[in-house]
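Novice: When the letters of the sequence shown are read in order and numbered with the working numbering, they come out as residues 31 to 320. The beta-carbon is built from N, C-alpha and C at its ideal position, and this holds for glycine as well. Sharing a structure with you now.
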Amino acid sequence: MGEEPPSGTEREARGSAAFFDLDRTLMAGSSGLHWARAARSSGLVSRRKMAHYAWRNVKFRLRGSTDEETDAVRAEVARMLEGVRVRDLQRLAPKVLAGVLPRLYPQMLDVAYAHQDEGRRVFIVTAASQDLASIIARIVGFDGALGARYEVVDGVYTGRDAGIFTYRDGKPLAMRELAEAEGIDLGSSWAYSDSESDLPMLRAVGHPVVVNPDPELARVAREEGWEVMRFEQLGRRLKAAAAFGAAALVGSAGGVGVRRGRVRRAVPPPPAPTTLGRLASSTRTRRRPR
Numbered sequence: 031m032g033e034e035p036p037s038g039t040e041r042e043a044r045g046s047a048a049f050f051d052l053d054r055t056l057m058a059g060s061s062g063l064h065w066a067r068a069a070r071s072s073g074l075v076s077r078r079k080m081a082h083y084a085w086r087n088v089k090f091r092l093r094g095s096t097d098e099e100t101d102a103v104r105a106e107v108a109r110m111l112e113g114v115r116v117r118d119l120q121r122l123a124p125k126v127l128a129g130v131l132p133r134l135y136p137q138m139l140d141v142a143y144a145h146q147d148e149g150r151r152v153f154i155v156t157a158a159s160q161d162l163a164s165i166i167a168r169i170v171g172f173d174g175a176l177g178a179r180y181e182v183v184d185g186v187y188t189g190r191d192a193g194i195f196t197y198r199d200g201k202p203l204a205m206r207e208l209a210e211a212e213g214i215d216l217g218s219s220w221a222y223s224d225s226e227s228d229l230p231m232l233r234a235v236g237h238p239v240v241v242n243p244d245p246e247l248a249r250v251a252r253e254e255g256w257e258v259m260r261f262e263q264l265g266r267r268l269k270a271a272a273a274f275g276a277a278a279l280v281g282s283a284g285g286v287g288v289r290r291g292r293v294r295r296a297v298p299p300p301p302a303p304t305t306l307g308r309l310a311s312s313t314r315t316r317r318r319p320r
């Protein structure tokens, strides 16, 4: 007996794909930070720049990126790459991956693999470099990647772009090129991203899903009725830490007030402790269970 012909749903899945943004969607934070760390260890990035990238990564995890920040990073990368041998950058890959791979969200990998099991091809679409995106895609078992390409002459980077810059409107352009070459129907495809800048990418497919969205994308998702996935923890942790710090400050201020009150009462003989005083003293020394 021959195999049963695929159902209509299976045929649709085989002609579609799922596209995943990388930073803050497939992974926590920015892949660029781990690239910068590897570059720092090789002398391509100064310590001051490294501190700047680390702070930028914290802000990125909290609220996403802006066009201005992305343009600034793009210009910095171009300056950094100019005159660097491709071979030297390729040798950074193990260090970069050592930082990136543990930051991948297991939830998103499960989603991607579910798409593959249904017959869809799965791709990373990112403003990070094509080389990095391709390596990550290959390691995690995706079908390919679309990333930023930089011109190479005689094995050395020139610092100039080579092709579409895969950011904002550039992402759907690259996706359409891939779709035409691979016979992918974008209308029945899926896309996942965290950022307002990826609205063109999300609107290029029939099934957009937002992941850890920035405020503007969250607003659009509510208006459009799009599915929302949330599991980024840094913002929640910082809010909890801020609340704890505020409580500690209030408690510290109260303790200072009590100590000052004791100093003022030190001149006359102290009154006999009252029931309320004993209760307050007991409350201060009792620790709340954790």
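1. Along the chain, where does the beta strand (DSSP E) that runs through Asp191 open and close?
2. Which same chain residues end up closer than 6 Å to Ser46 when comparing Cβ atoms and leaving out the 5 residues on each side of it in sequence?
3. Note the first and the last residue of the continuous alpha helix (DSSP H) segment covering Ser218.
4. Report yes if the C-beta distance between Asp173 and Val152 is below 9 Å; otherwise report no.
5. For Ser61 and Glu253, I'd like the C-alpha separation in whole angstroms.
6. For the region 186-205 against the region 218-237, do three or more pairs of beta-carbon atoms, one drawn from each stretch, fall closer than 8 Å, so that the two count as touching?
7. Within 10 angstroms of the Cβ of Ser224, are there 16 or more other Cβ atoms? Answer buried if so, exposed if not.
8. Please state the DSSP three-state secondary structure of Ile194.
9. Report yes if the C-beta of Glu106 is less than 8 Å from at least one heavy atom of the ligand GTP; otherwise report no.
10. Counting along the chain, where does the beta strand (DSSP E) carrying Arg151 start and finish?
11. Please report the straight-line C-alpha distance between Ala43 and Ala221, rounded to a whole angstrom.
12. Roughly how many angstroms separate the alpha carbons of Arg249 and Glu257, rounded to a whole number?
13. One question on the structure: do Ala158 and Ala142 come within less than 9 Å of each other, judged by their Cβ atoms?
14. By the three-class DSSP mapping on this structure, what secondary structure does Pro238 have?
15. Going by DSSP in three states, Ala178 sits in which element: helix, strand or coil?
16. Taking Cβ positions, are Asp191 and Glu181 nearer each other than 9 Å?
17. Express the C-alpha separation of Asp140 and Asn242 in angstroms, rounding to a whole number.
18. For Phe50, count neighbouring Cβ atoms within 10 angstroms of its own Cβ and tell me buried if that reaches 16, exposed if not.
19. Does the Cβ of Pro319 have 16 or more other Cβ atoms within 10 Å, making it buried, or fewer, making it exposed?
20. In this structure, how does DSSP classify Gly281 when only helix, strand and coil are distinguished?
21. Under the rule that 16 or more other beta-carbon atoms within 10 Å means buried, what is Ser227, buried or exposed?
22. Are any of the Cβ atoms in chain D nearer than 9 Å to that of Leu111?
23. Alpha carbon to alpha carbon, what distance is there between Met138 and Arg168?
24. Taking the straight line between their C-alpha atoms, what separation do you get for Pro124 and Glu148?
25. CA-CA distance, Leu119 and Ala144?
Specialist: Well, looking at it:
1. If you number the sequence shown from 1, residue 191 lands on position 161. From DSSP, the beta strand (DSSP E) with Asp191 extends over 186-191.
2. Locating residue 46 in the sequence shown gives position 16, counting from the first residue. Excluding sequence neighbours, Ser46 sits near Arg150, Asp215, Ser218, Ser219.
3. Here residue 218 refers to the residue found at position 188 when the sequence shown is read from its first residue. For Ser218, there is no enclosing alpha helix (DSSP H), as DSSP gives it neither H nor E.
4. Here residue 173 refers to the residue found at position 143 of the sequence shown. Here residue 152 refers to the residue found at position 122 of the sequence shown. Yes, these two residues count as a Cβ contact at 9 Å.
5. For the purposes of this step, residue 61 is taken as the residue at position 31 of the sequence shown. For the purposes of this step, residue 253 is taken as the residue at position 223 of the sequence shown. Whole-angstrom Cα-Cα distance: 30 Å.
6. The region 186-205, when compared against the region 218-237, does touch it at the 8 Å Cβ threshold.
7. Translated into positions along the sequence shown, residue 224 becomes position 194. It is worth fixing the name first, because residue 224 is Asp in this sequence and not Ser. Note on Asp224: 16 or more other CB atoms within 10 angstroms of its CB, so buried under the neighbour-count rule.
8. Taking the sequence shown and counting its residues from 1, the one referred to as residue 194 is at position 164. Coil.
9. You won't find the ligand GTP in this model; it holds no ligand whatsoever.
10. Counted from its first residue, the sequence shown places residue 151 at position 121. Per DSSP, Arg151 belongs to the beta strand (DSSP E) from 151-159.
11. Counting from 1 along the sequence shown, the entry for residue 43 is found at position 13. Counting from 1 along the sequence shown, the entry for residue 221 is found at position 191. Taking the Cα positions, Ala43 is about 14 Å away from Ala221.
12. Counted from its first residue, the sequence shown places residue 249 at position 219. Counted from its first residue, the sequence shown places residue 257 at position 227. Going by the C-alpha atoms only, they are around 12 Å apart.
13. Residue 158 sits at position 128 when you count from the first residue of the sequence shown. Residue 142 sits at position 112 when you count from the first residue of the sequence shown. Not in contact: Ala158 and Ala142 (Cβ atoms no closer than 9 Å).
14. As a working mapping, residue 238 is identified with position 208 in the sequence shown. Strand at Pro238.
15. Translated into the one-based positions of the sequence shown, residue 178 becomes position 148. In this structure, Ala178 counts as strand in the three-state DSSP scheme.
16. On the sequence shown, position 161 is the one that residue 191 refers to. On the sequence shown, position 151 is the one that residue 181 refers to. Cβ atoms of Asp191 and Glu181: closer than 9 Å.
17. In the sequence shown, counting from the first residue as 1, residue 242 sits at position 212. In the sequence shown, counting from the first residue as 1, residue 140 sits at position 110. Computed Cα separation, rounded: 16 Å.
18. Taking the sequence shown and counting its residues from 1, one reaches residue 50 at position 20. Burial is judged here by how many other beta carbons sit within 10 angstroms of a residue's own beta carbon; Phe50 has at least 16 and is buried.
19. The residue given as residue 319 occupies position 289 in the sequence shown. The predicted model places Pro319 with a pLDDT of 41, which falls under 50 and marks its position as unreliable, so this point remains unresolved.
20. Taking the sequence shown and counting its residues from 1, the one referred to as residue 281 is at position 251. With a pLDDT of 45 at Gly281, under the threshold of 50, the predicted position of this residue should be treated as unreliable, and no value is reported.
21. In the sequence shown, counting from the first residue as 1, residue 227 sits at position 197. So Ser227 ends up on the buried side.
22. The structure shown contains no chain D, having only a single protein chain.
23. As a first step, residue 168 must be located in the sequence shown, where it is residue number 138. As a first step, residue 138 must be located in the sequence shown, where it is residue number 108. When rounded, the distance between both Cα atoms is 16 Å.
24. Here residue 124 refers to the residue found at position 94 of the sequence shown. Here residue 148 refers to the residue found at position 118 of the sequence shown. Roughly 32 Å separates the two Cα atoms.
25. Taking the sequence shown and counting its residues from 1, one reaches residue 119 at position 89. Taking the sequence shown and counting its residues from 1, one reaches residue 144 at position 114. Leu119 and Ala144: Cα-Cα distance of roughly 33 Å.
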